[in-house]
Amino acid sequence: MKAPDFSYHDPRTLADLMSLLARLDDAKLLAGGQSLMAMLNLRLLAPEHVIDINRIPELAGIRVDGDTVEIGAMTRQADLLASDVLAQVAPIFRKALAHVGHVQTRSRGTIGGSCCHLDPAAEQPALCALLDAEFEIIGPDGARTVAAADWFQGYLQSALDERELLRAIRFRSWPQGHGAGFEEYARRRGDFAIAGAAALLDSAPDRSISRAAIVVFGVEPSPVRLAKAEQALVGTQLDRATIELVMEEARALDAMSDAHVSADYRLHLAGVVTGRALSEAGSLVEVAP
Amino acid sequence: MTARNITLQVNGRTVEAQVEPRTNLADFLRAALRLTGTHVGCEHGVCGACTVIVDGRATRSCLMLAVQADGAEVETVESLGRADALSPLQQAFSDCHALQCGFCTPGMLMTLESYLRDHPAPTRDEIRDVLSGNICRCTGYQGIVDAAMQTAASRRSPR
Amino acid sequence: MSTRYFGSPVARIEDPRLLSGGGRYVDDIALAGMLHAAFLRSPVAHGRIKSIDASAARVLPGVHAVYTMADFSDIASGPMPPMAPHPLIKTPITSYPLAQDEVRYAGEAIAVVLADSRARAEDALAAIELDIEHLEAVADARMAAVSDAPRVHLSRESNLIATLRGTHGKVDQVFAGAAHRFTESFALHRGGCHSMECRGVVVDVDAHTGALSLWTSSQSPYMVRRFLAAYLGRDEAELRVVAPDVGGGFGPKANVYPEEFAIALAAIRCGRPVKWIEDRQEHFLATTQQRDQFWTLEVACDSEGRMLGVRGRVVHDNGAYAPYGMILPATALASFPGPYALDAFDIAIDVMLTNLVPTTPVRGAGRPNTAFVLERLADRIARELGLPREEVRRRSFVRSEQMPYVTGGRMRDGSPVAYDSGDYARALDLTLERIDLAGFEARRAAAKARGRLLGLGLASCVEDTGLGPFEGASVRVTPAGKVVVSTGAASQGQGHATVFAQIAADALGVVLDQVTVKAADTAAFPLGISTIASRIAVTAGSSVEIAAREVRGKALKVAAHMMEVSETDLDITNGEIGVVGVPGMKVTLASVARTLSGAAGVPLPPDITPDLAATGYFEANQLAFAYGSQACEVEIDPGTGDVKVTRYVVAHDCGRLINPKLVDGQIRGGVVHGIGNALYERMMHDEQGQPITTTYADYLLPVATEMPDIEIVHLETPSPRNPIGVKGAGEGGTIPAAACVISAIEHALGPNAPPITMHPVSPQDVLRWIAQSKT
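Residue numbers (the working numbering), protein chains in the order written: chain L, 1 to 289; chain U, 1001 to 1159; chain C, 2001 to 2775.
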């Protein structure tokens, strides 16, 4: 299982990268390599060009400015997991990243790579959906921003055009004291999730929910926000009954099936992980006095 | 395909080589540098036998191109110790019978070496967690966990 | 004689080398001028090769040759010789080194490319045009058995290779008179061995003599030599086969493979050394696997739940060929009645061909299948009669007073099976005590409070070990005083070298690090059989003992002569032969060795032959029966159906333990292998015989996070059947493990859930059963 031949490019600047992207046909970007290299080794892909984007320093980094968080696309998952700054403003990251692959894959794997590859079971794209993130793109015609709602175009399909680069992901952090919950089910530690969910909750002084965001991933080809449930939760107390209603919406998704997992089981799991993520978020939300 | 010149640190030594871009780091270490301690088990990034340390981080060398290691510091199992002078971690592996056929062992060692540098007081569960990316078919893992715990303990209270 | 090392958990002598990156596995071997091979493999499960056009491939950079079987016609021809002929197999059912006409499983090798690098060889594969006519394929052994099923081999009218039958006692009578009879069907799914090192072979041909050297990641270097030599029409002396460090075997590396032959032929053809390293994808396709067995059984018991008899039929998937004869299904049959004192049994196994990669022994070799069905049946009896599961065992086990117990079973060669020794009930009691069966209900309630279902499972087994005919070893003391043990026994991680060194060091009174062990090189030791069936400690270990004792005797005789004392006054400590009670009066083993190495004109002591060395071949004419019980706890998440094995206890008797640490390692590794079979490992093919699970994303191996710590209690009933009193330990951990885990899951789900009769089980299955238990 040795990779097929390709022309290798490793631009050192963003400008060089964009000019390569504009010029080369049949090129694949090599980011963390944890997906692409495996596919090359398995000869599932044979691109003519491989453009290694690991040598462009400005593509990585976590920048927090007030409630704006910007994460460079080439930021390593290990750095996301380790970042105390990020854990402070968006605790959901540390919870989710612990489930992303294994220590070795997090050393190289990047958030941008994951968000462009878009495996349905990937945690990082789900977090982007959860946080209503914006995807900062550079292309031959300049820069553009794509909202999370428009990023997911289908199975393994992002809104990125062939000649474009995802530069960074940006989102508004939730207020301090919000509750974050994460739950996924995988057969073994680090395996692709069969179904997962993440939830963010904020509450009013009377403990009722003032804001909710819930995303389910691994069930449909793209991560799905449970928009109806989110709206319905506002103004309510989180209890068994309200959690059950949210789980029902999760169980109404259009689940994928494959040789190993039936759609029915996925849906059932969707309910379970949603309920658990929501409960966890609820238990962690701090009520302002 | 045009060969590329790369310069990197391998186990503390400067290495200059010419590589085909498609050659992965594992194959480069094994064939070009004759450092055959790093093993290839699956070539699709699951088994962990190929784990080395790149710039301080445990890395699957089968999923990295050798050209990507240009300018990097790479540590392989050969850097840990010698047969007549094993490192405490290696010695712990022997004490705790953490290896049988030895094929997954270099990968296990490098994952743990990297982990224990930053985590001096792990629990057994945390060790098992960090080993989730390294498959062993012989030992059932218990001896490996014992060895990691023994090493961590001995590092905290050196004799 | 000292017993300083025997029984001691000494550190392995293999370790320093393996730990420091000094292992030498087949892919670490690089010979000057070596070419790298890649195989063109059948993309379909059944097909007829119409044409192969390699012209585009041959001109690619770095490509030296593309060969098919036709290119070897002047060197050798014909199908591979069968490894285990059986009278019921009239015509051997083996493949060619490279398929010539008909291919019968997806992945069967058709052509081989030689190139400067593996990458370039793979590039060439992509450029070969293969025209292959698809034929109907059979991917399920039950379908293969149907009368109008498509033919797995076009030339074979029936897909049935043979029906094996094992009977004992008066089955009809026993069943007719039994208080209860229950019927059950079982499905045991395919899985692979997945040693972390795949297969591989390097072949070198001596340009002057034509002699062949092979390094192969094999459990059977001597069998590779024997069969390849015969195939090439050469004398075995012209072939040297070495098994270097081998990264796990587990059974499939004991076979002789088409690729080993094809690479040898390619090396002879092209006149350069050739290396082929199997990659993981190929391992999924072309390394033999195990299971896909479907059992339909009836069990009879008395009113007290004592198991009286078992009868039924098994459909066994042998895959597309029988390279290993019918050893696998025969072993499943020979494993009856397990630890149970059955009055009668009658089992028929239909050994079927299918268009899938062949099945051959994988750790346990059919014994786990038999253990699974017997343990499930015992649990079934308990369920039906409302008895504790362990009580059914106590009432049904062979009792220690019944030893030696003639079971009614037959070995491979037809000889009757008799268990030598064992206390099965005691092993079970120890296991249940250690897992604290008594405290289970409290733990179950605590788990329930956490929202989890807790179950406790148990299973037992008997394992025949020490398969004959022999292995051999020689022991030699060098003039420098080192002890060299040489043996044909091949290792794949078991620590044999350490164990042999312990035995030799004890016998010769030397310090352990004075002993080196050389193994698995047909040029260094004349005969060997194979490392399979947990046989090496018994056979090769005993051979080391025999040879070492002979060397000791010789050394004492010479020393007695040199010091003019009686042999009975002598003892050996740290390589020095001294007179007991007279310090200072001694000679070294080294000096004795030097004496026996000879000097011109100097006669040797009387009645002594040259060389301080001896060779022993222990012939294992009888099997030594290890046995054990296992118990485990599983925790089930009723939300997801997830099953975690949280506790595991093994009580195991494999006779005297040469190195307890190594035995523990074998047991633990074996148990985890069994847990993998119970919960994770399922090799899947579609209806056209296409493998579906071909990466580690789809085929799940047990990983550290989900595995429990495993507690082991040892019983040591020395085997009277060999000079060191040992029994094999390599497979005993695996044999009852899947049954144990399944028993625990069934227990966790409660009495209203359906009985579990298959493995592996998935979380979906568990949820389904939970739902069923509520209706």
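Ideal Cβ placement from N, Cα and C applies to all residues, glycine included.
key: Beta-carbon proximity of Leu1106 (chain U) to Thr1151 (chain U), cut-off 8 Å   = The sequence given here places Pro at residue 1106 (chain U); Leu does not occur at that position. Cβ distance not < 8 Å, so Pro1106 (chain U) and Thr1151 (chain U) don't count as in contact.
message = Rounding to the nearest angstrom, what Cα-Cα distance links Val2392 (chain C) and Ala2533 (chain C) in this structure?
response = For Val2392 (chain C) and Ala2533 (chain C), the distance between alpha carbons rounds to 29 Å.
Interface partners of Leu2018 (chain C) on chain U, CB under 7 Å = At a C-beta separation below 7 Å, Leu2018 (chain C) has these neighbours in chain U: Leu1099, Gly1102 and Thr1105.
request  = Report the neighbours of Cys1062 (chain U) on chain L: residues whose CB is nearer than 8 Å to its CB, in chain order.
outcome  = Those are Met37 and Asn41, listed as they occur along chain L.
inquiry  = Taking 7 Å as the limit between beta carbons, can you name the residues of its chain near Ala2084 (chain C), skipping five residues before and five after?
reply    = So the qualifying residues of the chain are Tyr2324, Gly2325 and Ile2327.
request  = Excluding the 5 residues preceding and the 5 following Asn2776 (chain C) in the sequence, name in chain order all residues of the same chain whose CB lies nearer than 6 Å to its CB.
outcome  = What is shown of chain C runs 2001 to 2775, which leaves residue 2776 (chain C) out entirely.
key: Option nearest Gly2233 (chain C) by Cα separation, candidates C:Ser2077, C:Tyr2321 and C:Pro2358   = Closest option to Gly2233 (chain C), Cα to Cα, is C:Ser2077.
ask   = Apart from the five residues just before and just after Met2411 (chain C), which ones in its own chain have a Cβ nearer than 8 Å to its Cβ?
value = A distance below 8 Å between beta-carbons, with the five flanking residues on each side excluded, links Met2411 (chain C) to the following residues of its chain, in chain order: Ala2334, Val2417, Asp2464 and Leu2623.
ask   = Does Met2684 (chain C) have its Cβ less than 8 Å from a Cβ in chain L?
value = Chain L contact via Cβ: present.
ask   = When Cβ atoms are compared, which residues of the segment 1134-1149 of chain U fall closer than 8 Å to chain C?
value = Answer set for the segment 1134-1149 of chain U: Asn1134, Ile1135, Cys1136, Arg1137, Cys1138, Thr1139, Gly1140, Tyr1141, Gln1142, Gly1143, Ile1144 and Val1145.
task = Taking only beta carbons into account, state which residues of the segment 239-256 of chain L come closer than 8 Å to chain C, listed in chain order.
result = From the segment 239-256 of chain L, no residue has a Cβ closer than 8 Å to chain C.
ask   = Going by the CB atoms, is the gap between Phe2345 (chain C) and Pro2358 (chain C) shorter than 8 Å?
value = No, the pair does not count as a contact, with Cβ atoms beyond the cut-off.
Closer than 9 Å at the beta carbon, the chain U residues around Val2643 (chain C) = Neighbours of Val2643 (chain C) on chain U: none; closest Cβ ~17 Å, over 9 Å.
query = Among the residues of its own chain, which have a CB less than 7 Å from the CB of Gly1037 (chain U), if the five just before and after it don't count?
reply = Excluding positions up to five away in sequence, the list reads Thr1076, Val1077, Glu1078 and Pro1106.
request  = Specify whether the segment 36-55 of chain L and the segment 1042-1060 of chain U touch according to this definition: at least 3 beta carbon pairs, one from each stretch, less than 8 Å apart.
outcome  = When Cβ pairs closer than 8 Å are counted between the two stretches, the segment 36-55 of chain L is seen to touch the segment 1042-1060 of chain U, the count reaching three or more.
message = So for Leu2154 (chain C), helix, strand or coil by DSSP?
response = Here DSSP, grouped into helix, strand and coil, assigns Leu2154 (chain C) to coil.
task = Can you grab the Cα-Cα spacing for the pair Pro120 (chain L) / Leu127 (chain L), in whole Å?
result = Taking the Cα positions, Pro120 (chain L) is about 12 Å away from Leu127 (chain L).
request  = List the residues of chain U whose Cβ lies closer than 7 Å to the Cβ of Lys2661 (chain C), in chain order.
outcome  = Chain U residues near Lys2661 (chain C): His1097.
message = Rounded to whole angstroms, what is the Cα-Cα separation between Ser2185 (chain C) and Ala1098 (chain U)?
response = Ser2185 (chain C) and Ala1098 (chain U) have their C-alpha atoms roughly 39 Å apart.
query = According to DSSP, what are the bridge partners of Thr1014 (chain U)?
reply = Looking at the DSSP assignment, Thr1014 (chain U) forms a beta bridge with U:Gln1009.
ask   = Of the residues that make up the segment 1002-1028 of chain U, which ones have a beta carbon closer than 9 Å to any beta carbon in chain L?
value = Answer in chain order: Thr1002, Arg1004, Glu1020, Pro1021, Arg1022, Thr1023, Asn1024 and Asp1027.
task = Quick one: using the 10 Å Cβ neighbour count with 16 as the cut-off for buried, is Lys2774 (chain C) buried or exposed?
result = Exposed, by the Cβ-count rule.
query = Hey, does Leu2130 (chain C) have any beta-carbon neighbour from chain L nearer than 8 Å?
reply = It does not: the Cβ of Leu2130 (chain C) has no partner Cβ on chain L nearer than 8 Å.
request  = Have a look at the DSSP bridge pairing and note the partners of Val2314 (chain C).
outcome  = Paired residues: C:Trp2295 and C:Ile2349.
task = State the DSSP-derived secondary structure class of Met2585 (chain C), mapped to helix, strand or coil.
result = Met2585 (chain C) falls in the strand class under three-state DSSP.
message = I'd like to know whether the C-beta of His117 (chain L) is nearer than 8 Å to at least one C-beta of chain C.
response = So, not an interface residue.
query = Just to confirm, are Gln2289 (chain C) and Asn2369 (chain C) a CB contact at a threshold of 8 Å?
reply = It is not a contact, given that the beta carbons lie outside the stated cut-off.
query = Quick one: is Arg2280 (chain C) near chain U, going by C-beta distance under 8 Å?
reply = Closer than 8 Å: yes.
request  = In the DSSP assignment, find the unbroken beta strand (DSSP E) run with Gln1091 (chain U) in it and report its ends.
outcome  = Taken as a continuous stretch (DSSP letters only), Gln1091 (chain U) belongs to no beta strand (DSSP E), being part of the alpha helix (DSSP H) at Pro1088 to Asp1095.
query = Where DSSP assigns a beta bridge to Leu2214 (chain C), which residues make up the other side?
reply = Answer by DSSP bridge pairing, in chain order: C:Val2203 and C:Val2241.
query = Residue ranges of each beta strand (DSSP E) run of no fewer than 3 residues wholly in the segment 201-251 of chain L, ordered along the chain?
reply = The qualifying runs are 209-217.
request  = Could you tell me which chain L residues have their CB closer than 9 Å to the CB of Ser1087 (chain U), listed as they occur along the chain?
outcome  = Chain L residues near Ser1087 (chain U): none, gap ~20 Å exceeds 9 Å.
key: Members of the segment 2425-2454 of chain C that neighbour chain L once the beta carbon cut-off is set at 7 Å   = Flagged: no residues at all.
ask   = Going along the segment 78-112 of chain L in order, which residues come within less than 8 Å of chain U, judged by CB to CB distance?
value = In summary, the residues of the segment 78-112 of chain L whose CB is separated from some CB of chain U by less than 8 Å are Ala78, Gly101, His102, Val103, Gln104, Thr105, Ser107 and Arg108, in the order they occur in the chain.
ask   = Within 8 Å (strictly less), CB to CB, does Tyr2025 (chain C) reach chain U?
value = It does; some Cβ of chain U falls within 8 Å.
message = Output needed in chain order: residues of the segment 188-212 of chain L with a Cβ under 8 Å from some Cβ in chain U.
response = Hits within the stretch, in order: Arg188, Arg189 and Gly190.
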